[in-house]
Structures are given as structure tokens and as C-alpha cells.
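Here's the structure we're looking at; comments come further down.
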Amino acid sequence: MEQLNNERELTREERLEIEEKAIQALVNMGVKFNVPLKINPVKPPRFIRWWNKHFPNHVKMWRDKRIPKGWDVSETEVPNAALQTMERVYMRHFHLKPLYLGTMDCLRRLYLNIEYDEEKVQAEPIQESKRLFKYIPLMAEIAAVAVLNNPEVADPSKDKEVKALKTFFMEHLTSTRLEKLADVISQMMNPGGFTSSIRSIREIGTTNPKKLKANRVE
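Each residue of the sequence shown is one higher than the last, beginning at 1163 in this note's numbering.
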């Protein structure tokens, strides 16, 4: 009872402070996320399992050849709601790191290709949502550009890495995962921080010749 009595709801200022710290941590360190693959895990060959069991100090590594070498993949258990059991899946890991300015500029150019009108969405949500489906490939490309975070990419549509990761996201991302990823990317663009940078530069570069002249006269 004492513990319950001692607990209190956070004030609006405290909640905003916690949210600000979370956003700042996201901007500074990035975020890791996982995407399940659509292939069922298989066990290593019997010989590999036998060897690793009897010679633990000389373990032989084995890789499922269906998975490209450059992917960061592990095997894990996830709940299956339909069967109400746990099932093993391959999970590909990503680390969305703090965005470079070049990446942010590339994302900005991609965002300009999206025509979005909130008033139309409110007035005709079903029809407008169907229209927005045409941006699925573009959203996958935006996610790919952000995850790769290569500021030297001039044209994402012609970059091999972007095209490959875009295809992967098109095949594996659900709308829910894409929504969460888009929210994270939006936060990592850090428009507030960039605006502060512009403000600082403007303040440093701003002079008032008339005032300086008056000071010299005095």
C-alpha cells in the first residue's frame, strides 16, 4: 500500500523531459531493429553438430547458404498467434545510425516526391489511403537510404545497395513495421537540431554596420 501511495503521475513537464531525453538518445546513438525472414531455419548438417559437441574448443562454423554473406542474421524464437506456440525464425538485424547531412539531404529530395494532403485524408480516408499506396516503393526506398546512411549516394534509384535493400523491405516489411521505422527516421532527421544550427550560423554571420559605425564615432 505504501508503495502505491508513494507512486504519482508524472507532470506534463516531467513527461516532456523524458521524451526529450529519449529523442536525444535516439538522435545520438541510433536504434536497432529486426526483420524476420521468410525462410524456415534448418539445422546444421549432422557431422557439424557431432563435431561441435565433441570438440567445443574447435567449433566449426556453418552458414545457411540461402542467406547472403553480408547479412547480420540470427536464429530466434517468436510467438505464433495462430498456432499459439513458439516457432524458430531467422531474424535479420539492422542498426539505424545517426544520419549524416548528406543522407538527410537525400531523404529530403525523396520526401518531395510525396503528395500528401491531410484535409483530403480526413475528408475521404479510404479513397485517399488507396491513392497513397502508390508510394509503397518510395517509402521502401526512403527506409533503405536511411538504414544504409551513405552520404555519397547521389541517385538512390541507381545505387545497387539501395536497390537491393529496397527490394528486401518491399518483400519483408509489414505496414506496421514500416510505420514504426518511418517514425524513427522522422525523429532522426532532427529538424529542431538543424533549425538551431541554422539559427546559430545566422547569429554568427549577422552584423549591423550602422551600429558598428556609431560605436566607432563614440
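The beta carbon of each residue, even a glycine, is placed where N, CA and C say it ideally should be.
Because the structure is a prediction, the values reported are computed rather than measured.
How many whole angstroms separate the CB atoms of residue i and residue j, which I take to be in contact at a CB cut-off of 8 Å?
i, j, result
"residue 1334", "residue 1227", "Incorrect: roughly 19 Å between the Cβ atoms, too far for contact."
"residue 1257", "residue 1194", "5 Å"
"residue 1136", "residue 1350", "Within the shown structure, residues of the chain are numbered from 1163 to 1380, placing residue 1136 beyond reach of any answer."
"residue 1324", "residue 1290", "Going by Cβ atoms, the distance from residue 1324 to residue 1290 rounds to 28 Å, so no, they are not a contact pair."
"residue 1240", "residue 1198", "7 Å"
"residue 1254", "residue 1196", "7 Å"
"residue 1340", "residue 1301", "6 Å"
When you compare only the Cα positions, how much space is there between residue i and residue j?
i, j, result
"residue 1309", "residue 1208", "37 Å"
"residue 1247", "residue 1274", "44 Å"
"residue 1220", "residue 1230", "24 Å"
"residue 1299", "residue 1332", "7 Å"
"residue 1316", "residue 1346", "23 Å"
"residue 1276", "residue 1286", "18 Å"
"residue 1171", "residue 1320", "52 Å"
Could you tell me which residues DSSP pairs with residue i in its beta bridges?
i, result
"residue 1196", "1255"
"residue 1238", "1251"
Leaving out five residues before and five after residue i in sequence, what residues of the same chain have Cβ atoms less than 7 Å from its Cβ?
i, result
"residue 1314", "1264"
"residue 1327", "1306, 1309, 1310"
Please list, in chain order, all residues of the same chain as residue i whose beta carbon is under 8 Å from its beta carbon, the five residues on each side excluded.
i, result
"residue 1380", "Bear in mind that the predicted position of residue 1380 carries a pLDDT of just 43, short of 50, making it too unreliable to give a figure here."
"residue 1224", "1206, 1207, 1210"
"residue 1222", "1210, 1213, 1214"
Just reading off the alpha helix (DSSP H) that residue i is part of, what are its end residues?
i, result
"residue 1299", "1298-1310"
Cβ of residue i less than 8 Å from any chain B Cβ?
i, result
"residue 1303", "Checking the listed chains, one finds no chain B in this structure; it contains a single protein chain."
Can you find the residues in the same chain that come closer than 6 Å, C-beta to C-beta, to residue i, ignoring five residues on each side of it along the sequence?
i, result
"residue 1371", "Unreliable positioning characterises residue 1371 in this predicted model, as indicated by a pLDDT of 49, which lies under 50. The coordinate reading is nonetheless provided below. Excluding residues within five positions, none has a Cβ falling inside 6 Å."
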